[in-house]
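Here's the structure we're looking at; comments come further down.
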Amino acid sequence: MADVATDSLPATAATATTPTRRVGRPPKYDWADKKDLCYRLYVTEQKSGAEIVKYFAETFRTNPSDIPCKRGFLRQFSLWGFPTHAKKLSQDEEEAVSIRMHELWEQNMSQKDMKLTLANEGWQLKDYEFNKIWRKNGLRLRLGKGYKTAAALGPEPAPEQEEINQDVPLSLPMSTEELARRQQRLFEIQLESDQKMANKKRRRRIRGYSHLPADAPGTAPRYNSETSLDESKAYLHLTNEMYQTIRKDYQAICEEMGIKKKTQCAEGVWEESKAKLIRENMHLINMTHPLQPDQDRKAIALECICADVTKRMRNAVTHLSVAQANNVLGINPATSKMIRRSFYEILAAANFESRLVSGEDEWQALKQQWYDANEILQNAVNEGDTQKTKAIDLLGSDAMKRFREDKNKQGYGAPAQKNARYGPGPGAAWATTIPRSTIVVESPAPRESPRGAQISQPRARAAVESGYPSQPNGNFIGTLAQATGDINFDLDPALATPFVRPAAEPEVLAQPIGSYFRLATNSNLVGHHPKLWLAKLTSKSMAALHKAATSKAGAAKVAQIKGIVKNGDGTEDNWQIDDDDELQAYLDIAGEKPTFVVLIEAGYT
77 MADVATDSLP
87 ATAATATTPT
97 RRVGRPPKYD
107 WADKKDLCYR
117 LYVTEQKSGA
127 EIVKYFAETF
137 RTNPSDIPCK
147 RGFLRQFSLW
157 GFPTHAKKLS
167 QDEEEAVSIR
177 MHELWEQNMS
187 QKDMKLTLAN
197 EGWQLKDYEF
207 NKIWRKNGLR
217 LRLGKGYKTA
227 AALGPEPAPE
237 QEEINQDVPL
247 SLPMSTEELA
257 RRQQRLFEIQ
267 LESDQKMANK
277 KRRRRIRGYS
287 HLPADAPGTA
297 PRYNSETSLD
307 ESKAYLHLTN
317 EMYQTIRKDY
327 QAICEEMGIK
337 KKTQCAEGVW
347 EESKAKLIRE
357 NMHLINMTHP
367 LQPDQDRKAI
377 ALECICADVT
387 KRMRNAVTHL
397 SVAQANNVLG
407 INPATSKMIR
417 RSFYEILAAA
427 NFESRLVSGE
437 DEWQALKQQW
447 YDANEILQNA
457 VNEGDTQKTK
467 AIDLLGSDAM
477 KRFREDKNKQ
487 GYGAPAQKNA
497 RYGPGPGAAW
507 ATTIPRSTIV
517 VESPAPRESP
527 RGAQISQPRA
537 RAAVESGYPS
547 QPNGNFIGTL
557 AQATGDINFD
567 LDPALATPFV
577 RPAAEPEVLA
587 QPIGSYFRLA
597 TNSNLVGHHP
607 KLWLAKLTSK
617 SMAALHKAAT
627 SKAGAAKVAQ
637 IKGIVKNGDG
647 TEDNWQIDDD
657 DELQAYLDIA
667 GEKPTFVVLI
677 EAGYT
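Quick note, the sequence shown lines up with residues 77 to 681 if you use our numbering.
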């Protein structure tokens with residue numbers, strides 16, 4: 077908003093002049109023609125300081141560094157005499173809001189939903205006011221002390237001190253007999269698993285389960301329906317982005333056609349839904365063309381993906397969150413925490429490892445001990461309500477999950493199963509997190525656009541749809557040739573080749589790695605360049621490493637880069653780094669101060 081913002085903003089007649097400033101350094105920003113606009117945004121439209129900063133950056137396409145910060149705007153508004161947004165609640169209003177917040181807290185409502193509910197009821201609270209009342213009432217959805225008992229908490233610890241359930245020992249010494257019993261149990265479990273696998277009495281494990289490892293990669297499924305999603309992606313040559321688009325499109329088709337489960341569909345409806353998915357997706361049209369190989373495999377792959385979509389849709393309807401389970405049992409967050417804490421202590425006292433190791437009898441005994449210690453659970457179990465039983469099981473699963481996590485943090489847990497890159501496809505496609513809010517917010521109606529537009533050409537899709545007959549009965553792949561006989565697909569020969577795993581995108585680090593860089597003596601640079609400098613690695617990739625290495629020089633190229641490892645005797649070892657795997661290996665042993673020697677060519681400073 078310095079010179080750039082001044083030129084781009086429209087000049088308006090100010091209603092009053094800016095107050096005279098004392099003699100000294102000239103002001104950093106020119107506010108002369110901004111008063112009317114700021115008045116409209118701040119007073120009329122009631123935008124916050126942060127929203128006004130965003131408005132200036134987006135409307136005038138100004139670099140955020142050239143715009144005052146939020147406090148800078150508010151300071152200038154004060155000089156202009158703008159009325160403040162802050163409207164203090166009266167004592168009666170604050171008491172009414174406090175009572176209402178406590179009611180919503182008793183209903184296990186999240187803070188986000190609580191704010192929306194209060195806003196819908198006419199209470200326009202700022203975050204500061206909301207948090208003030210929240211803390212004053214001592215409301216908590218998640219207690220900062222984890223599962224610590226009240227007696228064990230003692231005085232309030234310093235904020236920087238991190239502690240995890242140190243009042244409860246998570247691993248007690250076991251007798252020789254108990255240790256032998258558990259080892260025998262694990263041996264029997266593994267033997268039973270191997271026998272079932274040999275006799276095809278169980279499906280293959282594509283990932284580790286408890287103490288049982290995944291089956292060997294390449295193990296064939298017993299039935300076509302047990303084809304993994306990763307194999308399905310490989311057969312259809314799908315990247316994770318294409319796969320997620322197909323899932324989203326098919327879910328919309330199922331909602332439109334009222335499909336919940338294949339076995340519950342009328343005759344021909346399931347096949348028609350898949351045919352519609354193909355018609356609206358150019359990649360699937362190419363993949364299922366009769367000239368393409370492995371049509372049977374591809375039909376199985378599409379069948380498995382579609383079946384999994386409907387399964388997830390059904391699970392989403394019946395899924396319970398902890399808050400919903402609390403409401404089913406009629407308890408508030410504090411009572412829920414106490415109940416889960418009691419099961420946590422029972423698991424710790426029993427040296428619990430996993431339900432598989434304990435066996436079903438011991439597991440049921442632990443649950444009964446939990447019921448006996450909580451009257452609320454006893455009453456719910458005695459009622460025999462299936463929904464309440466499901467809610468109790470969910471609270472128990474949450475306590476067991478937290479117990480395992482704490483045990484792993486302290487080094488008592490079983491080794492984590494390595495499940496990465498099991499199948500031939502591109503690996504897991506993590507779905508986006510479902511919003512936790514349960515409050516419905518009206519949104520503008522979506523534009524009328526055909527599904528699959530992200531990866532298909534509209535004209536080609538229109539031609540396919542106009543020439544594709546409805547085939548409720550029969551094989552949708554077999555009839556595709558008739559529907560698309562006059563269309564030139566220009567098939568890519570690469571589609572007929574085996575799937576090649578696409579290169580994984582480098583993971584962006586939540587906390588960049590601060591690194592030291594040394595300039596090699598034989599570097600070819602114009603100008604003065606520091607011999608040692610600091611830069612941050614934003615990801616564990618060669619691209620990020622080269623970017624950090626050339627951060628002090630323009631148009632520079634990295635000819636060679638080596639990692640330095642310091643030995644105990646003070647000497648150094650140099651390791652040349654040429655790819656991402658070598659960089660990962662170096663960072664694993666470099667410790668907290670990775671150091672690189674960089675040979676730079678054709679750069680200037």
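Virtual Cβ for every residue (Gly too), placed ideally from N, Cα, C.
Return the residue from the list the options that minimises the CA-CA distance to residue i.
| i | options | result |
| --- | --- | --- |
| N408 | G667, Q463, W181, D112 | W181 |
| N55 | S627, A635, T386, S434 | Past the edges of the chain, shown from 77 to 681, lies residue 55, and the structure says nothing about it. |
| E347 | I329, H359, A310, N362 | I329 |
| L613 | T626, S397, L113, K272 | T626 |
| A310 | K485, A410, A375 | A375 |
| D482 | A424, W446, Q454 | A424 |
| F110 | A126, E436, F149 | Phe is not the amino acid found at residue 110; the sequence shown has Lys there. When only C-alpha atoms are compared, the closest one is F149. |
| K443 | Q463, G472, L432 | G472 |
| G214 | A410, A195, R594 | A410 |
| Q260 | E648, H605, K485, G435 | G435 |
| Q371 | S308, D325, I322 | S308 |
| L688 | N600, S412, F593, M618 | One cannot answer for residue 688 here, as it falls past the ends of the chain, which runs 77 to 681. |
| Y420 | D474, V385, D437, P297 | D474 |
| K628 | T647, I676, A292 | I676 |
| N600 | I361, A611, H622, A632 | A632 |
| Y299 | K277, I452, A441 | K277 |
Can you give the Cα-Cα distance for residue i and residue j, rounded to whole angstroms?
| i | j | result |
| --- | --- | --- |
| N391 | L378 | 20 Å |
| E179 | W210 | 12 Å |
| P140 | A133 | 6 Å |
| I665 | Q271 | 42 Å |
| P366 | C382 | 21 Å |
| E343 | S349 | 12 Å |
| E302 | C380 | 8 Å |
| E668 | A620 | 18 Å |
| L312 | Q320 | 13 Å |
| E518 | S418 | At E518 the pLDDT is 48, less than 50, meaning the model places this residue with poor confidence and gives no usable figure here. |
| F153 | L470 | 52 Å |
| A496 | R280 | Because A496 sits at a pLDDT of 49, beneath the cut-off of 50, its placement in the model cannot be relied upon, and the following sentence gives the value as read from the coordinates. Computed Cα separation, rounded: 16 Å. |
| G543 | L353 | Note that G543 scores a pLDDT of 40, beneath 50, so its modelled location is shaky; the value from the coordinates is reported in the next line. Taking the straight line joining both Cα atoms gives about 15 Å. |
| G590 | F206 | 38 Å |
| P526 | G334 | Annotation note: pLDDT 44 at P526 (below 50); position unreliable, coordinate value reported separately. One C-alpha to the other measures close to 19 Å. |
| T91 | D112 | Because T91 sits at a pLDDT of 44, beneath the cut-off of 50, its placement in the model cannot be relied upon, and the point is left open. |
| I240 | S412 | With a pLDDT of only 38 at I240, under the threshold of 50, the placement of this residue in the model should not be trusted, and no figure is reported. |
| T135 | H287 | 57 Å |
| D106 | L155 | 14 Å |
| E331 | D437 | 42 Å |
| Y118 | P159 | 9 Å |
| A661 | K642 | 15 Å |
| D649 | H622 | 21 Å |
| S53 | A399 | Residue coverage of the chain in this structure runs from 77 to 681, which leaves residue 53 outside it and unanswerable. |
When the distance is taken between beta carbons, is residue j closer than 8 Å to residue i?
| i | j | result |
| --- | --- | --- |
| K638 | V673 | yes |
| D468 | A456 | Note on residue identity: the sequence assigns Ile, not Asp, to residue 468. Cβ distance < 8 Å, so I468 and A456 count as in contact. |
| N427 | L248 | yes |
| M273 | D291 | yes |
| Q445 | I415 | no |
| K146 | A126 | yes |
For the alpha helix (DSSP H) that contains residue i, what are its first and last residues?
| i | result |
| --- | --- |
| A666 | 656-666 |
| I128 | 125-135 |
| W346 | 345-355 |
| K607 | No alpha helix (DSSP H) holds K607; DSSP gives it neither H nor E. |
| L201 | Counting along the chain, L201 falls outside any alpha helix (DSSP H), and DSSP gives it neither H nor E. |
| H359 | 358-363 |
| Q340 | Counting along the chain, Q340 falls outside any alpha helix (DSSP H), and DSSP gives it neither H nor E. |
| K374 | 371-394 |
| W107 | Segment: none, W107 is in no alpha helix (DSSP H) and carries neither H nor E. |
| R116 | Element bounds for R116: n/a, residue is neither H nor E. |
| G472 | 462-485 |
| K413 | 409-425 |
| A596 | Where A596 is concerned, there is no enclosing alpha helix (DSSP H), given that its DSSP letter is neither H nor E. |
| E438 | 436-448 |
| E459 | 451-459 |
Does chain C have any CB closer than 8 Å to the CB of residue i?
| i | result |
| --- | --- |
| Y204 | Considering every chain present, this structure includes no chain C. It has just one protein chain. |
As an exercise, report each continuous alpha helix (DSSP H) stretch of at least 4 residues that is fully enclosed by the stretch 143-198, in chain order.
Counting only runs of 4 or more, we get 146-156, 167-182, 187-196.
Which parts of the stretch 615-660 are runs of the alpha helix (DSSP H), unbroken and 4 residues or longer, counting only runs that do not cross its ends?
Runs found: 618-625.
Counting only runs that start and end within the stretch 255-325, where is the alpha helix (DSSP H) found for 4 or more residues in a row?
Counting whole runs of 4 or more residues, the stretch 255-325 contains the alpha helix (DSSP H) stretches 305-311.
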